[in-house]
Structure formats: structure tokens, C-alpha cells
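The structure appears right after this line, and notes come after that.
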């Protein structure tokens, strides 16, 4: 009797659906304004045939045209089309762009944007004194060639694909080898993998013409989501897993919140519910290894890894295995005659007992000295020892990863689920692209019976990775722009639909998108193009006219300051103290986490691991990501939520951040290291120490009055608070890493 | 704002003057948002502002309508207390003890069609003017029944701890949603900027399953997430310097830092984020006094401590947390969640093997402190504006989980929670389970109805409180909305 009721309740729990109420907290107590959404008729809402009309009228669904940058009155701003697009709008509003940033500010900005770390004082000085016209360009080239670039930009991508190394829920169990996916992304950025290939590998790395270990690891992104290994409703959980992949894929690659159409037609965007299930059908065979109804039992297999070894690695492994077995056999053959001799010395009852292998072993050990001549005994023991050692030694295991594998060539039939309810099947659908794109229906090639997969994801991947796709290139260039300017040309970078924000510079976005595709999806070239613009090189200074006309800086009349990310804060502190361990890749590391934090876990003693001090000093991207226990220093500074795609991180300002930076073990230990470095490099003179401290931490030398103030502080701490010179310097260093100027980039 | 006398001054100005002038104009908005609650500015500084200017996310906001309650204390009986052994009197269940009957259940052990009855292990007696039947597990709490509204027809979507905890805390069995306390702080802001607006107190044996996911702000900014408070020692992480920096020394450091910051701000005065960060250090400085003060019971009388059971070893731990909850309520903390039980199995109310041993232990640890909390809130006139919630993530089955023993499996088909205080009718019971307590049958309610009730009492319209994320206006009560339980609202 209850079962139907629960089912009904579940039927109306559709994940993340927009519904009638549109309450806005921004205007509490105010009547809710009439929302145009309420006035739409059902056919208008339903998409379908109206999709094509939408495509005509809504910017994101119009094809990228051939674009000619506008003419602007300043020839310097005409050279780079980015600047022409930006200046044209500024001229239109009567705002002048502010002056270019000073060299120290510019190089610091470039370093953080590409490497996530500050430049060294030496690098700043070299840039300041280099008057050659390509000095700045060479800085960019240097940074793009540095492995730090991949570590910085991979993190942006990991935010989008809700990267974590555990499943969440009661056990929050590990996702084995999830770190390989993280390394894949770092490598992809560092080797400047074409973005279209990056897409293909993640969506269909197992279905490509050339399947490699790398492309298999890439498919792991589909396994990174939250996953309840003890679901209350196995069928619903099965579709929740698929929804996680569909939602993440659509938001990450297409900037569309298709997930809104899981339960009914999208209320605003022209995405009918059938589009959602047509998209789901591409992935439907991936979880087919789990039979419906047996989810709970089989679900554990979702977490199993598969070997990603290449044929040559496999052959090598087999060879080493055979060699090992051969050595074991040969030693056993050498040992056998000795043991036979020992057994021969057994009494009859002992011979009976020796039928049991363990007893036989024990008896041999007991009798060997009496049964063998000293020399024979010596030989026997030597062979035995060798054998024991070989048996203990293990073959270096083959690399394994979380990957996607399908269950054969035939995908299950896909049905629309009425109101998103896994128990109520609606109409049958086949794989298809969202109607609004106006793309012809895909043809999924018939695979032979022996094929390992349906080939469906390959079709989807090729469509998304196509230069003709309306959104793919726009969405990605917008992300690149976002992480250089602090916000995208479309601010809602995961939502290009009507509930997202409109682009501030739609023509520029299209021009960049076209450039991106024409360049062969070359990410590094796009960074360079953006960073060489005058727009990027502006200072963050205010101007009266700018603040008056465009306080939001929608038009880019200056560069927006930004707070360092959690990783940038932690990594920079380690870097400027000289402690940063730049080792790349491999299994994640654990920082020392205070007991109080471990006690928030249900099993405090099993909640977290331990790494050596050297390992703990590695970059933050290598810190273990556990869904139920986020590393506290990183968590304090607005790490991305791990459970769903995060396109734009928050940058909150709360007193607990100040408490962490002032009182926490990590920051105080690093302040001491920083002080030690200052003493080594600048001696005992507080003024020289201050110069070095500012140069390292802020990429500039302090002013005369700042030097005086620093010396005053160090003197006062000693005179009035009885600190030693060393302690006073520790406190000065702690202050420096707490400064606004350290946390905020110009 | 109790600014201690500055050790040095900026060009003859006090720090207050400095903050006022250095951060004046555009930048003052965030500062005023953060500081004006304390009367930091005699008159609010009005400055031009823009859409991008930072607004303190925890600044107090107006509710949708006049609230009945201003603050919430959620006493979370983690693991799932058995309703038939506590507040849901089932006289017909006693004689069935040890008999195998046809009954549909769903718990950790899966779906079952029959089971061996475990009769209620404690006698019930009527209490108060309302005559409410309460089991002998609660000799103290039973005396407060006239202040309490019992809800006997609760249901939830999951009888499995992991997803059920997420449901009770965030309204949904899938991970990633903001918790109830986050929604309330998002909707109303915080009355006290020197303390977190959302405090969580855990059991000494550890957190609940899924740890911090239970007080996460999910897709909302971290400003709205719960802060773990410890009732002894340092209440908040990093509140005290690791190596013990004196307050005077810290003040010196801050004074110099703010002077450097002032120089940096001078040419960036329009950036309110910088001013807000300056202010955040002053707030942190004050929090180091206000948070320990909140956990310092020196001024509490022995009588009060006795009331909460703090002077008895059995009830000391939970009693301290309840007294601290009252003190936080007095200091304007908006949402306080106190866990009874932590870790796994019998370290919480999850009585799979021996209901008598388990519930005797957990009820015994919490009965007097909770009764004391209600009594104390009432005698101080705080109960009227403080909503107290009691319950777990689900209840327990009337039948045994295993062939032997008195353990009960989880039950999300029907269970009991209760509320008292702000906007709640006392001495009422609402909803019913069947005569064996296996499932809610009369006036069935969902966790969403409970959440809707809490939001409504706090002056927020549950069906209009929304946060835009993932292309959707997300709500705590989900897409279908939910009505509050008006029958228990005063």
C-alpha cells in the first residue's frame, strides 16, 4: 500500500526542475512581479516546431557568421580585433579606456592567469628592464610552455566536471585511480591538445579509431559524479547516474541546462522533454552493465577500474610474469631434492601428518638440520630464501583507471520517463541532438555483434566537436575569456540559454569562436591572442567617467581586480617561502588536517590519509578531493562544490577566512619559512628584509614610507611585546601574506 | 562595536576614522553592511553603488511576512529513534510481541512482507493537561508535553542513512543541495555578525554519516554553510592562534596590516571587496572574544547547570550543547543544530540489535538536557520566538530486523517528530500511523512539509524562497512545493 505512495512521491520529486514559483529573495516582502514565463502558452513552452523559430531569434542559436571587426578611431586599438570590438562600444558610450597596467602589475597578472603563481622578483626585474617590443609576448610564451600552465588550467576544467575522488553518501568510498583523470587534464592543457580532440576523448575515448590509454582515462569524467551505493530506489538511481552525465555534458560542452527538461519540457529554453531523453540515449549503454533491479548489488562494480595498458605494456607485463614464474619453478626444482631427503627422515606418523601441507612445512623446518649435511643445509636455506623473496616480490601492476565501458553493441531502448519517474515509461526515443540546433538526425552506424560498444557516444562527440556546432566554440572561448578577465562575455558561462545572462559583447564572442575553430581549436593560441590585446593589458584603475557610466564594467573600460583562488593562495604561500614541491602527477596527497575537522566525519580515524611533509608541499591540485571532507584551508577560500558542475566560483569575504590566515598552522608555519628565507637572502636588516618580502610576495618593491613602517613594526614587536628579532620577523611575514595586496590581483 | 583603544593611530585618526574615510564613497556599502549592526557608524554612510558592489551576504534581510519564530534549534536524533518506543503509543503492539505477522517494511534489510514483532519495550503514561502518552524513556521531557506539538505521520523518501540524512537536512536524497540552515541564513541573514549565523554541534563520537554534507551550503556561497561549534575548549576552528599569539600582539599586527591596506586601498577606493576584507579582519578580531564568551558558562548559575544536567556525567555532554544552544539563541544565532549521536551503529540511535540498550542510553543522555532547555527558554521568555525541533532522519519498524533480539530496522514509511516554541501550538498531536506504527496513514506528511513549516514560522514563504542555480529557481521544498503543517501552528 505504501509502495505506490512512495512511488508517487518520487514521481513528483524531479531533480532540479523549475516550477511555478519564481520567488526572488532579492526583493523580500515585495509582490512577485509578473513573470513572462507564466504567460507563455503551452505550445510556446513545448519547443518542438517553435524551436526553429527560436533559432532565428535567439543569439545563442544563430550560426556564427563571418565577422568583420568594427572601425575605431584609434589605430592602436584597431590592430587586434578584440580591441576594436571593445573600443567601439566604449566610444559609443563616451568612456575612455584607462591607461595600460604598469609592468609589475601586468607580469603578475599574466603569471597568475597562466601559472597560478606569482613571478619571482628576478622575473619581474628582467621584464621591467627589457625594452624590446616582444618582451611581453616572450613572457606569455614562457608561461604557456611551463608545466605550471596545465596545473592551473586543469583546475578550471575539474570544476566543470565536478571532479572528486570519492562517491559521497554513507561510506563516501574512494573512486580508485580518479587521479589519472586529473593528470590527463593537466597533460591535455600542457600539450595543447586540440579542444575538439579533448571533447572526443572524454565523451567517446573508448570508441575512437585510435583508442589509447589516454583516451580511455579521459572517459573517466563520466564516472566522477556522486553515486549512492545503497540507493533507496535502484531504478531511479540508475537514471540519476545517467542524469549526472547528461547534465554535466550539456552544461560543460554546450552551455545548456538540458537537465531542466528531465521531468517536462524546458519552461524557457526551446528544449522539449524528448530532447533530454534523446540525449540520454547516447549514454544509455554505458550503465548497461548494471541490470535494472539489480542496481544495488551490481552498483559496486561501477567503481571497478579497468586496465588501460597499451598492447606493448601488456606484452611486457606477460613477459615479466612468465619470467617470474620460470624462476619460481626453477628454484622449486632445486629445492625439491633437499626436501625429499628431509621427508625421508620422518618417522611414519610424521609422514602421515606431512600430508597436510602446513604440517609438512613445519616438520621440514624442524628436521632440516638433522636430516641434511651442513653444506647441503646451507644450499637448501639459500634457495629457500631466494624463493621466499621472489614470492614476496610482486609484479608492478598494470595501470588501471576508471573508464567507461559499454555492454556490447546493442544499447537498450530509451523511453521518455513521465515526470522523470523511472517507473513510468512514456514514448520511445532514439539518440538525437536537441531540436533547436536544427541538425539533421544522427545516423548511428550499425555495429557488428562483437563490438564492445554501441558507437553512440562517438556520434555525439563528433557532433559536439564539430566546427559547425552553434555552441561548442562559443562556450569554450567564453571560458577562456572568463578566466582571464574574471567573468565571461556571457557571465553565466554554463548557461547560454534564456535564463542565463546575455553576452556583453556578442560580436566579439562570435569572432573569437570563429578564430578558435579556424586555428584548429588551439587553446594556447587563444590565450595568447586574448593576452596580447590592449583590453587585457589595461590597468585596474578607476576613472570618473567609467564609474559614472558603467560602474559594473560591462564594457571593459578597465581590468577588474580579482581575489586569488583557494589554490592560488595556498600555492603562492608555498612558492614564496621556497617550500613548493613542484612534483607533478600521481596519486593525491593529504595535508595535515586538524583533529577538529576530522571529528566532523562519522569515522574520524579513518577519514583522511597522511603524506610526508615534502608531499604535503605539492600544489593544491594534487590534494585529495573527498566529498564529505574538504581540505579546510582550500575549503575556506571557496573551492568549487564537488557535487555538480561549477562554472563560476564564489569569492566570499567572511571573518573565518581572516581567522584561518592569521591563526592556522599552515599559514604560521609558512610565515616562519618565509622569515627564514628573508634572513638568508636579505640578512638581518629589517629594511632589506622588507624590500625582499614585498618583492617576493607582491612583485614590487616597497615605497620608502612602507619600508619605514615595516621596520617600525618589527621594532615595536620587539620593544613593546618582547619578541625576539626572529619572532618579530615571523609576525611581519604573517602580516604580508594577509595583506589585501597579496590576496587581490590588479 | 566595542573597539578596544587603538595602540597607534593613523595620521592622528582613530581606526574608526580611518575605516570611515579610507573606505568612504563607493566602498562604504559593504562596510556598513558588515558593521552598522553594531552601531559602528552613528549614521549610515550613503554612497553611490552599483550592481557589482559586494553586499554582505549575511546582512539581515526582511522576511516575506511577519515571523512567529526568530531562531531555530534543531535537536537531531541521528540514527532514527523508534517512534513506538518513545512518543507514538501503540497499545495493540505489546501483545503481539514475538509473533510473526504479515507487514510490509522497507529498511536496510530491503523490502519485507512479514516480520517478528518487537513489542514496545517501555510502558507509556499520560502526561500534562493534554494527557499525551509518553514512554518511560523520558521522565523529564514528559513534563513539558503541554508545550509540544507531536507530528506522528512523518514520511521520508529513503530508509537508508546516507540519503535520508541528506533529505532531512536539505530536502533531497541527492547530494549537493543547501541545507535548511543555509536556506534560513540566505533568506534572513544573520542578526549577529560576530558569530556564525548557522551553528552545528556534533557528538563526541564523531559527525553523522556524510559529515559536512549535512550542513553544506551546496550550490550557494560558503557564507551560508554551517560552522561547527565545540561546547568545550576552542569553539571554532582557527579561533585561537596555533602558538598562542597574545591579543595585544595580534592587535599590533592588525594595526600595521590595516595601515598597509589603507595605502593599497587609497587608489582603489571604489572596490568594496577590499574594504570588506579589511572589515572582515576586524570582525574576526572581535569574534575571538565573542565566540569564547558564548561558550563560557562562568556566569551560569548552578541551578541552571543542574537544569540541563551538566553536573551529572551522563547528561553533561548533551546538556552543555543545549545550554550553549540557548546562549547562542540569546546572541542572535539564527539556526543551531545539535546532534545526539555520531559515528555508526550504536554510537547513535541506530538500534539494529538491542533497542533497550541503545535507546536507554541515548534517551538517558538527552532527556534531562532537552527538558531543561525547554524549561529554561520558557522561563526566560525565549521559547515564544525560538522554534525547537526534535527528530531523526526516520523512525524504526515495529518488527525485528533479525531472527533474534530486539533490534529494529529503519522506517521511512512513518515516524514521529516534534516541535515546540515559536509559533507552535502546545499539547497537540497531529497525524497517525497505523495501529502497529508501521506507516503513516492519517494526515500523511513529508519532510518537505516539515521544512515548509520551519520556513513559514520564520517568516519565509517556502514556495517562493528560491535560489537560481543550474538554469532553475531551486527551492528547499522542491519543484512541487509544500504546504506548512498549519494544524500545529498557533
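Chains as they are written, first to last, in this note's numbering: chain A, 9 to 754; chain B, 2 to 491. Every residue, glycine too, gets a C-beta built ideally from N, C-alpha and C.
What are the start and end residues of the beta strand (DSSP E) that includes residue i?
i              : result
residue 151(B) : 149–156
residue 336(B) : 336–341
residue 132(B) : Segment: none, residue 132(B) is in no beta strand (DSSP E) and carries neither H nor E.
residue 649(A) : Element bounds for residue 649(A): n/a, residue is neither H nor E.
residue 410(B) : 409–412
residue 720(A) : No beta strand (DSSP E) contains residue 720(A), which is instead part of the alpha helix (DSSP H) from 712–729.
residue 273(B) : Where residue 273(B) is concerned, there is no enclosing beta strand (DSSP E), although the alpha helix (DSSP H) it sits in stretches over 273–296.
residue 436(A) : 433–437
residue 404(B) : Segment: none, residue 404(B) is in no beta strand (DSSP E) and carries neither H nor E.
residue 422(A) : 422–425
Look at the alpha carbon of residue i and the alpha carbon of residue j, and state the distance between them as a whole number of angstroms.
i              : j              : result
residue 545(A) : residue 106(A) : 10 Å
residue 336(B) : residue 517(A) : 44 Å
residue 557(A) : residue 93(A)  : 18 Å
residue 410(A) : residue 233(A) : 12 Å
residue 471(B) : residue 214(B) : 19 Å
residue 152(A) : residue 338(A) : 54 Å
residue 390(B) : residue 302(B) : 26 Å
residue 397(A) : residue 226(B) : 54 Å
residue 108(A) : residue 542(A) : 7 Å
residue 109(B) : residue 217(B) : 25 Å
residue 361(B) : residue 138(B) : 7 Å
residue 485(A) : residue 399(B) : 60 Å
residue 252(A) : residue 284(B) : 40 Å
residue 636(A) : residue 377(A) : 58 Å
residue 640(A) : residue 465(B) : 33 Å
Tell me the DSSP secondary structure of residue i in three-state form.
i              : result
residue 62(B)  : coil
residue 355(B) : coil
residue 102(B) : strand
residue 226(B) : coil
residue 462(A) : coil
residue 703(A) : helix
residue 756(A) : Residue 756(A) is absent from the structure shown; chain A starts at 9 and stops at 754.
residue 421(B) : strand
residue 249(B) : helix
residue 315(A) : strand
residue 400(A) : helix
residue 413(A) : coil
residue 360(B) : helix
What are the boundary residues of the alpha helix (DSSP H) that includes residue i?
i              : result
residue 309(B) : 303–309
residue 72(B)  : It is not in any alpha helix (DSSP H) - residue 72(B) instead sits in the beta strand (DSSP E) that spans 72–78.
residue 431(B) : Looking at the DSSP string, residue 431(B) is not in any alpha helix (DSSP H); the run it does join, the beta strand (DSSP E), is 429–431.
residue 119(A) : 111–123
residue 476(B) : Note, residue 476(B): premise wrong, no alpha helix (DSSP H); beta strand (DSSP E) at 473–476.
residue 130(A) : 129–137
Since residue i contacts residue j with CB under 8 Å, what's their CB separation in whole angstroms?
i              : j              : result
residue 733(A) : residue 571(A) : About 33 Å; that fails the 8 Å criterion.
residue 462(B) : residue 173(B) : In fact, because the Cβ distance is near 19 Å, the residues do not count as touching under 8 Å.
residue 67(A)  : residue 420(A) : Wrong, their Cβ atoms sit about 37 Å apart, outside the cutoff.
residue 99(B)  : residue 118(B) : 7 Å
residue 523(A) : residue 462(A) : The Cβ separation is near 35 Å, so there is no contact.
Residue i: buried (16+ other C-beta within 10 angstroms of its C-beta) or exposed?
i              : result
residue 603(A) : exposed
residue 383(A) : exposed
residue 420(B) : buried
residue 91(B)  : buried
residue 199(A) : exposed
Let me check you understand the geometry: is the CB of residue i closer than 7 Å to at least one non-hydrogen atom of the ligand MN?
i              : result
residue 739(A) : Because no ligand of any kind appears in the structure shown, any question about the ligand MN cannot be addressed here.
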